[in-house]
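*Asks:*
Number of protein chains: 4
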Amino acid sequence: MTATRRGRPPAGPERRNALVQAAYRCLAEGGFERLRMRDVAAGVGIDHSSIHHHFPTKQDLVVAVVDYTTRQFWSTTPPDGGPVERLRHHLATLRQKIVDEPELHIVLRELDLRARRDPELLEIIAGREEGWRSSLRTLLTGAAAAGALAPGVDPATGAELVIATVKGASLASSRAGDVIELLDQLLIRA
Amino acid sequence: MTATRRGRPPAGPERRNALVQAAYRCLAEGGFERLRMRDVAAGVGIDHSSIHHHFPTKQDLVVAVVDYTTRQFWSTTPPDGGPVERLRHHLATLRQKIVDEPELHIVLRELDLRARRDPELLEIIAGREEGWRSSLRTLLTGAAAAGALAPGVDPATGAELVIATVKGASLASSRAGDVIELLDQLLIRA
Amino acid sequence: MTATRRGRPPAGPERRNALVQAAYRCLAEGGFERLRMRDVAAGVGIDHSSIHHHFPTKQDLVVAVVDYTTRQFWSTTPPDGGPVERLRHHLATLRQKIVDEPELHIVLRELDLRARRDPELLEIIAGREEGWRSSLRTLLTGAAAAGALAPGVDPATGAELVIATVKGASLASSRAGDVIELLDQLLIRA
Amino acid sequence: MTATRRGRPPAGPERRNALVQAAYRCLAEGGFERLRMRDVAAGVGIDHSSIHHHFPTKQDLVVAVVDYTTRQFWSTTPPDGGPVERLRHHLATLRQKIVDEPELHIVLRELDLRARRDPELLEIIAGREEGWRSSLRTLLTGAAAAGALAPGVDPATGAELVIATVKGASLASSRAGDVIELLDQLLIRA
DNA sequence: CATGAATGAGGTTTCATTCAT
DNA sequence: AATGAATGAAACCTCATTCAT
Numbered sequence: 000m001t002a003t004r005r006g007r008p009p010a011g012p013e014r015r016n017a018l019v020q021a022a023y024r025c026l027a028e029g030g031f032e033r034l035r036m037r038d039v040a041a042g043v044g045i046d047h048s049s050i051h052h053h054f055p056t057k058q059d060l061v062v063a064v065v066d067y068t069t070r071q072f073w074s075t076t077p078p079d080g081g082p083v084e085r086l087r088h089h090l091a092t093l094r095q096k097i098v099d100e101p102e103l104h105i106v107l108r109e110l111d112l113r114a115r116r117d118p119e120l121l122e123i124i125a126g127r128e129e130g131w132r133s134s135l136r137t138l139l140t141g142a143a144a145a146g147a148l149a150p151g152v153d154p155a156t157g158a159e160l161v162i163a164t165v166k167g168a169s170l171a172s173s174r175a176g177d178v179i180e181l182l183d184q185l186l187i188r189a
Numbered sequence: 000m001t002a003t004r005r006g007r008p009p010a011g012p013e014r015r016n017a018l019v020q021a022a023y024r025c026l027a028e029g030g031f032e033r034l035r036m037r038d039v040a041a042g043v044g045i046d047h048s049s050i051h052h053h054f055p056t057k058q059d060l061v062v063a064v065v066d067y068t069t070r071q072f073w074s075t076t077p078p079d080g081g082p083v084e085r086l087r088h089h090l091a092t093l094r095q096k097i098v099d100e101p102e103l104h105i106v107l108r109e110l111d112l113r114a115r116r117d118p119e120l121l122e123i124i125a126g127r128e129e130g131w132r133s134s135l136r137t138l139l140t141g142a143a144a145a146g147a148l149a150p151g152v153d154p155a156t157g158a159e160l161v162i163a164t165v166k167g168a169s170l171a172s173s174r175a176g177d178v179i180e181l182l183d184q185l186l187i188r189a
Numbered sequence: 000m001t002a003t004r005r006g007r008p009p010a011g012p013e014r015r016n017a018l019v020q021a022a023y024r025c026l027a028e029g030g031f032e033r034l035r036m037r038d039v040a041a042g043v044g045i046d047h048s049s050i051h052h053h054f055p056t057k058q059d060l061v062v063a064v065v066d067y068t069t070r071q072f073w074s075t076t077p078p079d080g081g082p083v084e085r086l087r088h089h090l091a092t093l094r095q096k097i098v099d100e101p102e103l104h105i106v107l108r109e110l111d112l113r114a115r116r117d118p119e120l121l122e123i124i125a126g127r128e129e130g131w132r133s134s135l136r137t138l139l140t141g142a143a144a145a146g147a148l149a150p151g152v153d154p155a156t157g158a159e160l161v162i163a164t165v166k167g168a169s170l171a172s173s174r175a176g177d178v179i180e181l182l183d184q185l186l187i188r189a
Numbered sequence: 000m001t002a003t004r005r006g007r008p009p010a011g012p013e014r015r016n017a018l019v020q021a022a023y024r025c026l027a028e029g030g031f032e033r034l035r036m037r038d039v040a041a042g043v044g045i046d047h048s049s050i051h052h053h054f055p056t057k058q059d060l061v062v063a064v065v066d067y068t069t070r071q072f073w074s075t076t077p078p079d080g081g082p083v084e085r086l087r088h089h090l091a092t093l094r095q096k097i098v099d100e101p102e103l104h105i106v107l108r109e110l111d112l113r114a115r116r117d118p119e120l121l122e123i124i125a126g127r128e129e130g131w132r133s134s135l136r137t138l139l140t141g142a143a144a145a146g147a148l149a150p151g152v153d154p155a156t157g158a159e160l161v162i163a164t165v166k167g168a169s170l171a172s173s174r175a176g177d178v179i180e181l182l183d184q185l186l187i188r189a
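Residue numbers (numbering that gives the first Met the number 0), protein chains in the order written: chain A, 0 to 189; chain B, 0 to 189; chain C, 0 to 189; chain D, 0 to 189.
(1) By DSSP, does G170 (chain C) sit in helix, in strand, or in coil?
(2) Which class does I187 (chain B) belong to by DSSP, given the choice of helix, strand or coil?
(3) Could you check if G29 (chain D) belongs to the surroundings of the ligand ATP, using beta carbon to heavy atom distance under 7 Å?
(4) Please report how far the alpha carbon of I124 (chain A) lies from the alpha carbon of L110 (chain D), in whole angstroms.
(5) Leaving out five residues before and five after M36 (chain B) in sequence, what residues of the same chain have Cβ atoms less than 8 Å from its Cβ?
(6) Taking 8 Å as the CB-CB limit, is Q71 (chain D) close to chain C?
(7) Using 8 Å as the limit for Cβ to Cβ distance, is G29 (chain C) near chain D?
(8) Pick from C:A91, C:L138 and C:A63: whose alpha carbon is nearest that of G81 (chain C)?
(9) Strictly by DSSP, which residues pair up with L60 (chain B)?
(10) Which residues mark the beginning and the end of the alpha helix (DSSP H) in which A145 (chain D) is found?
(11) Taking the continuous alpha helix (DSSP H) assigned at P101 (chain B), which residues delimit it?
(12) Along the alpha helix (DSSP H) that carries E28 (chain B), what are the first and last residues, could you check?
(13) Any idea what DSSP makes of D38 (chain C), helix, strand or coil?
(14) Could you work out which residues of chain A lie near V165 (chain B), taking near to mean beta carbons separated by less than 9 Å?
(15) What is the rounded straight-line gap between the Cα of T68 (chain A) and the Cα of E100 (chain A)?
(16) Secondary structure at F72 (chain D), three-state DSSP: helix, strand or coil?
(17) R94 (chain A) and L187 (chain A) - do their beta-carbons sit closer together than 8 Å?
(18) Between the beta-carbon of A171 (chain B) and the beta-carbon of V83 (chain B), is there less than 8 Å?
(19) So, is the C-beta of R94 (chain B) closer than 8 Å to a C-beta in chain A?
(20) Given L182 (chain D), which residues of its chain have a CB within under 6 Å of its CB, disregarding the five upstream and five downstream residues?
(21) Short check: CB of G42 (chain B) to CB of C25 (chain B), under 8 Å?
(22) Tell me the rounded alpha-carbon separation between E192 (chain B) and E159 (chain B).
(23) Between which two residues does the alpha helix (DSSP H) containing I50 (chain B) stretch?
(24) Determine the direct distance from the alpha carbon of R136 (chain C) to that of D117 (chain D), and round the result to whole angstroms.
(25) Could you check if G151 (chain C) is buried or exposed, using at least 16 other CB atoms within 10 Å of its CB as the buried criterion?
(26) Can you find the residues in the same chain that come closer than 8 Å, C-beta to C-beta, to V98 (chain A), ignoring five residues on each side of it along the sequence?
(27) Would you please verify whether the beta carbon of V152 (chain C) is less than 8 Å from any beta carbon of chain D?
(28) Mind checking L90 (chain C): buried by the 16 CB within 10 Å criterion, or exposed?
(29) Less than 8 Å separating the beta-carbons of V39 (chain D) and L120 (chain D)?
(30) Run the CB neighbour count on A2 (chain A), radius 10 Å, all protein chains shown included, and call it buried at 16 or more, exposed below.
(31) Looking at L103 (chain D): is its Cβ nearer than 8 Å to the Cβ of F72 (chain D)?
(32) What residue from A:G157, A:L112 and A:V106 has the CA that sits closest to W131 (chain A)'s CA?
(33) Got a sec: is the Cβ-Cβ distance from T156 (chain D) to anything in chain C below 8 Å?
(34) A189 (chain C): buried (16+ other C-beta within 10 angstroms of its C-beta) or exposed?
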C-alpha cells in the first residue's frame with residue numbers, strides 16, 4: 000500500500016487547502032470579528048505559528064478564503080435548454096443553495112461588508128460578481144427575446160433585482176425559498 | 000437650579016447619546032471588526048475609560064447602538080391615504096433612505112450578521128423587524144383587497160420579498176434606486 | 000505626613016523616568032540585542048503592557064533612553080580658570096567617568112552603532128556630540144592661543160582625536176585611565 | 000576524482016565559507032541586533048534550515064564569523080625596515096583600512112560589545128587583540144630605543160593609546176584619516 | 001464624571017531549531 | 001546536503017476593563 004503513514008497529518012498542498020477551509024468555517028461561525036489564526040490552526044490540528052509557513056500574513060489567508068468562497072458560489076454547471084429554462088434553473092439552484100448551505104451565503108455577506116474597507120478583497124469579489132451579473136443579464140435578455148419576461152423589465156435592472164433579492168434573502172435563509180420562488184413568479188411569465 | 004455647569008461640556012444624558020452616535024459612526028466606518036472603545040471615546044472627546052461610567056461594558060454600548068440604529072430606520076411617519084398609496088410611499092421612502100444615507104443600511108446589515116451570534120442583539124433586532132414585517136403585511140393585504148397587488152402574490156411572502164430585496168439592495172446603494180423601483184413595478188399593479 | 004502611601008508604587012511622571020532608567024540598565028547589561036520590553040517593565044515592577052501607556056512604541060522608549068543617556072554624559076559643570084586648566088579638567092573628568100561608570104560609555108557605544116541604522120537616533124546623538132565637539136574645539140583653540148598645545152596641532156583635528164580616543168578607551172575601561180592621561184600629556188605642553 | 004559535481008552549486012567547505020561571509024555582510028549591515036539565520040541563508044541562496052548542516056547552532060556561525068572577521072583585520076604583511084618605519088607603516092595601514100573598508104571596523108566594534116556578554120567570543124577576540132597589542136608594544140619599544148618616540152611615552156601605554164584611538168576613530172570613519180595622522184605625529188618624533 | 005495608570009488576556013508575527021523526506 | 005513543514009518560545013502591541021484620585 001502506498002497510503003500515507005498514519006499518525007502524521009498529510010502535508011503538502013493539501014494542508015494549504017485545509018487551512019483555507021478551516022478559515023472558512025471560522026468565518027461562517029464568528030465572522031471577521033472573531034477570525035483568529037489560532038482557531039484556524041486548531042481547525043487543522045497544527046500550531047498557529049505554522050500557518051505563516053503557508054500564508055505569510057493573515058491578509059494572505061483572508062484573500063485565499065475569499066477566492067475559495069466566491070469560487071464555491073459561482074461554480075454552477077449551466078444547464079442546457081432555452082434561456083427561460085436556464086433562468087428558471089438558475090434561480091432554483093440559488094434557492095436550493097441558500098437553503099442547503101446557509102453558511103456559504105452568510106460568509107459571502109460577511110465578505111461584502113469587509114470589502115468596503117479592503118480594496119484587495121473588493122477587487123476579487125467585484126470581479127466574481129461581475130461574472131454573475133453579466134450571466135444574469137444574458138439570461139434575462141434571452142428570456143425577454145422569447146417574450147417570457149414580465150413586461151417593462153429592463154434586463155440589466157432585472158439582473159440587479161435578482162442579485163439584491165438573493166443577497167437579502169440569504170440573511171434569513173429560512174424564508175429564502177419562498178422569497179426566491181415569488182421573485183421567479185413575478186419576473187417570468189407563466 | 001438644574002443648570003449645567005459653566006465651562007464644561009454638558010455631561011448627563013446628552014453625553015450618553017453622543018457616545019451612542021459616535022459608536023454608530025465607528026460602526027459605519029469599520030464595522031464591528033474595528034469597533035474600539037477608544038475610538039468611540041475619541042469621537043466625543045473624552046477619555047476611553049470614562050465610557051464605562053455611561054456603559055459598564057462594551058456590550059452595553061453595542062446594545063444601545065442597536066437600539067439607536069433600528070429606531071433610526073423604522074421611524075417613518077406613516078402617510079395618510081389608501082393602502083396602495085401608503086405602500087408606494089413606503090417603498091419610495093426606503094429607496095430614498097438607502098440612497099441618501101447608505102451608512103445606516105450598512106450598519107443594519109452589520110447588525111444582521113452580528114445578531115446571528117448574539118442572542119441579545121437578535122432579540123432587539125428581530126423585535127423591530129417584526130414590526131416592519133407586520134406593517135408590510137398590512138399594507139400588502141390592503142393592496143390585495145384593493146386589487147392592486149400582482150396576481151397570485153401572498154401578502155406574507157410579498158412582505159418577505161420586500162424585506163429581502165431592500166436588505167440586499169442596501170449592500171450596493173448605487174444601484175438600489177432602480178432595484179426598488181422595479182420591485183414596486185412588479186409588485187403593484189399600475 | 001503627606002508622604003505617598005506605602006505599598007503602591009508612586010505613579011506620575013516618576014514612573015516614566017524609572018522606565019527610562021530601567022531601559023538604560025537593560026541596555027548596559029545586554030545591549031540592543033537583548034532589550035526587551037518585558038525586562039524593562041520588570042525593572043520597575045509593572046506589567047509589560049503598561050509601558051505602552053507611557054511610551055506608545057518601543058522606539059519611543061529607545062528615543063527617551065538616548066536622550067537620557069546622552070544628557071547623562073554631557074552634563075559636566077564647566078570649571079572656572081584658563082583654557083588650559085579647563086581642558087585638563089575636562090580630560091580628567093572624562094577619565095574619571097569612564098573608570099567610575101563604565102556602563103555609561105558602553106551604552107553610548109551601543110548607541111553609536113545603533114544610530115547607523117536609525118536616523119531618528121542619529122539626529123539626537125549627532126546633535127549632542129556636535130555640542131561636545133565645538134566645546135572641545137573652543138578649549139583647544141584657547142590652549143593653542145596660550146601656547147599650551149603641542150606644536151602643529153590643529154584644534155579641530157585635536158578635538159576629533161580626543162573624541163576618538165575617549166570612545167575607543169571606553170571599550171576597555173580598565174585601561175582607559177592611563178590612555179587618557181597619555182593623551183593629555185601628548186596634547187598639552189607641560 | 001575530487002571534482003565538484005556539475006550543475007550544482009559547489010557544496011562542501013566553500014559553502015561554509017560563503018555562509019560566513021554572508022553572515023559578515025549581515026552583521027555589517029544590521030549588527031547583531033538584526034542578524035537572522037534566514038537572511039544569511041538568503042545571502043548564499045539556500046534554505047535557512049540548511050544552515051544547520053554547516054553550523055549546528057547560530058552561536059557556531061557567530062563564532063566562525065568572529066574568527067573570519069578578526070583574521071581579516073590582523074592579516075597585515077609586516078614590512079621590512081627599522082622599527083620606526085614599521086610603526087609608521089602600521090599606522091598608515093590602519094588608517095587606510097578604516098577609510099577603505101569601514102564596515103570591517105564597524106563589525107569589529109560590534110564584536111567588542113558582544114564579547115562583553117559572550118565569554119566564547121571574548122576569548123577569541125581577546126586572544127587576537129593580544130597579538131596586536133604585543134606587536135604594537137614591540138614596535139613602540141623599538142622606536143623608543145631608536146629615540147623616535149615622543150619623550151616620556153611608556154611603550155605599553157602607547158600601545159593602548161593606539162588601540163583606543165583606532166577603535167574610536169573607526170566609529171566615525173570619515174574623520175578617521177586625520178585623527179590617526181595626528182596620533183602618528185604626536186607619538187613619533189619627526 | 002472624568003482621568004491616568006495599570007492590568008492581563010489575547011492578537012499577529014518572528015525566529016531558531018528539529019525532523020522526515 | 002538540501003528542503004519544506006512544523007514547532008514553541010518569545011517578541012511587540014492592542015484592548016476592554018478596573019481602580020484610585
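Glycine included, each C-beta is placed from N, C-alpha and C at the ideal position.
*Replies:* For this structure:
(1) For the purposes of this step, residue 170 (chain C) is taken as residue 171 along the third sequence, with counting starting at 1. Per the sequence shown, the amino acid found at residue 170 (chain C) is Leu instead of Gly. Three-state result, L170 (chain C): coil.
(2) Position 188 of the second sequence, counting from 1, holds the residue named residue 187 (chain B). Residue state, collapsed to three classes: strand.
(3) Although the ligand ATP was asked about, the structure shown includes no ligands whatsoever.
(4) If you number the first sequence from 1, residue 124 (chain A) lands on position 125. If you number the fourth sequence from 1, residue 110 (chain D) lands on position 111. Their backbone Cα atoms lie some 53 Å apart in a straight line.
(5) Residue 36 (chain B) sits at position 37 when you count from the first residue of the second sequence. Once the five neighbours on either side are set aside, the close Cβ partners of M36 (chain B) are H47, I50, K57 and L60.
(6) Residue numbering aside, residue 71 (chain D) sits at position 72 when the fourth sequence is read from its first letter. So no, Q71 (chain D) is outside the interface.
(7) Residue mapping note: residue 29 (chain C) aligns to position 30 of the third sequence, counting from 1. With 8 Å as the cut-off, G29 (chain C) counts as an interface residue toward chain D.
(8) The sequence position of residue 81 (chain C) within the third sequence is 82, counting from 1. Nearest of C:A91, C:L138 and C:A63 to G81 (chain C), Cα basis: C:L138.
(9) Looking up residue 60 (chain B) in the second sequence gives position 61. BP columns for L60 (chain B) are empty, so no partner.
(10) As a first step, residue 145 (chain D) is located in the fourth sequence; it is residue number 146 there, counting from the start. Note, A145 (chain D): premise wrong, no alpha helix (DSSP H); not H, not E.
(11) Walking along the second sequence from the start, residue 101 (chain B) turns up at place 102. It spans P101 to A114 - the alpha helix (DSSP H) in which P101 (chain B) sits, taken as one unbroken run.
(12) Start at 1 with the first residue of the second sequence, and residue 28 (chain B) comes out as number 29. Element bounds for E28 (chain B): P12 to G29.
(13) Numbered from its first residue, the third sequence carries residue 38 (chain C) at position 39. Three-state DSSP puts D38 (chain C) in a helix.
(14) Along the second sequence, read from residue 1 onward, the residue named residue 165 (chain B) stands at position 166. Neighbours of V165 (chain B) on chain A, chain order: A163 and G167.
(15) For this step, residue 68 (chain A) is matched to residue 69 along the first sequence. For this step, residue 100 (chain A) is matched to residue 101 along the first sequence. Each residue's alpha carbon lies about 12 Å from the other.
(16) Taking the fourth sequence and counting its residues from 1, one reaches residue 72 (chain D) at position 73. In the three-state reduction of the DSSP assignment, F72 (chain D) falls in the helix class, which pools H, G and I.
(17) The residue you call residue 187 (chain A) lines up with position 188 of the first sequence. The residue you call residue 94 (chain A) lines up with position 95 of the first sequence. Just to set this straight, residue 187 (chain A) is Ile in the shown sequence, not Leu. Not in contact: I187 (chain A) and R94 (chain A) (Cβ atoms no closer than 8 Å).
(18) As a position in the second sequence, residue 171 (chain B) is number 172, starting the count at 1. As a position in the second sequence, residue 83 (chain B) is number 84, starting the count at 1. Result no, Cβ atoms of A171 (chain B) and V83 (chain B) do not sit closer than 8 Å.
(19) Translated into positions along the second sequence, residue 94 (chain B) becomes position 95. It does not; no Cβ of chain A falls within 8 Å.
(20) The residue given as residue 182 (chain D) occupies position 183 in the fourth sequence. For L182 (chain D), where only same-chain residues beyond five positions count, the Cβ hits under 6 Å are T164.
(21) Locating residue 42 (chain B) in the second sequence gives position 43, where the first residue counts as 1. Locating residue 25 (chain B) in the second sequence gives position 26, where the first residue counts as 1. Contact flag set, yes.
(22) Residue 192 (chain B) lies beyond the range of chain B shown here (0 to 189); nothing can be said about it.
(23) One-based indexing of the second sequence puts residue 50 (chain B) at position 51. I50 to H53 is the span of the alpha helix (DSSP H), which, as asked, contains I50 (chain B).
(24) Here residue 117 (chain D) corresponds to residue number 118 of the fourth sequence, with the count starting at 1. Here residue 136 (chain C) corresponds to residue number 137 of the third sequence, with the count starting at 1. The straight-line gap from Cα to Cα measures roughly 38 Å.
(25) If you number the third sequence from 1, residue 151 (chain C) lands on position 152. Under this definition G151 (chain C) is an exposed residue.
(26) Counting from one through the first sequence, the residue named residue 98 (chain A) turns up at place 99. The residues are S172, A175 and G176.
(27) Position 153 of the third sequence, counted from the first residue, corresponds to residue 152 (chain C). Yes, V152 (chain C) counts as interfacial toward chain D.
(28) Sequence index remark: in the third sequence, residue 90 (chain C) carries index 91 (1-based). The C-beta of L90 (chain C) has 16 or more other C-beta atoms within 10 Å across all chains shown, which makes the residue buried.
(29) For the purposes of this step, residue 39 (chain D) is identified with residue 40 of the fourth sequence, where counting begins at 1. For the purposes of this step, residue 120 (chain D) is identified with residue 121 of the fourth sequence, where counting begins at 1. Against a cut-off of 8 Å, the Cβ pair of L120 (chain D) and V39 (chain D) comes out as no contact.
(30) Reading the first sequence from its first residue, position 3 is the one you call residue 2 (chain A). At A2 (chain A) the pLDDT is 38, less than 50, meaning the model places this residue with poor confidence and gives no usable figure here.
(31) For the purposes of this step, residue 103 (chain D) is taken as residue 104 along the fourth sequence, with counting starting at 1. For the purposes of this step, residue 72 (chain D) is taken as residue 73 along the fourth sequence, with counting starting at 1. Cβ atoms of L103 (chain D) and F72 (chain D): closer than 8 Å.
(32) Position 132 of the first sequence, counted from the first residue, corresponds to residue 131 (chain A). Per the Cα distances, A:G157.
(33) As a working mapping, residue 156 (chain D) is identified with position 157 in the fourth sequence. So yes, T156 (chain D) belongs to the interface.
(34) By 1-based counting over the third sequence, the position of residue 189 (chain C) is 190. Answer is exposed; the Cβ neighbour count stays below 16.
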